[in-house]
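Accompanying notes for the structure given below.
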Amino acid sequence: MDRIISSVFFEFFEMLLVDTLLGDYAGFHFL
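Quick note: the sequence shown uses my numbering, first residue 38, plus one each step.
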């Protein structure tokens, strides 16, 4: 059970981190 929660949390955190990095890169790139 804990492993499933940890996996889901990791996937969510990874997606959020990648989205943030891409957002910052796009912001600076198109600035």
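Where is the CB? At the ideal position from N, CA and C, for every residue including glycine.
Spatial distance of residue i from residue j (CA atoms)
| i | j | result |
| --- | --- | --- |
| M52 | M38 | 21 Å |
| Y43 | G64 | Here residue 43 is Ser; the residue named in the question, Tyr, does not match the sequence. Going by the C-alpha atoms only, they are around 31 Å apart. |
| F47 | T57 | 15 Å |
| V45 | L54 | 14 Å |
| D61 | F50 | 16 Å |
For residue i, the three-state DSSP class (helix, strand or coil)
| i | result |
| --- | --- |
| M38 | coil |
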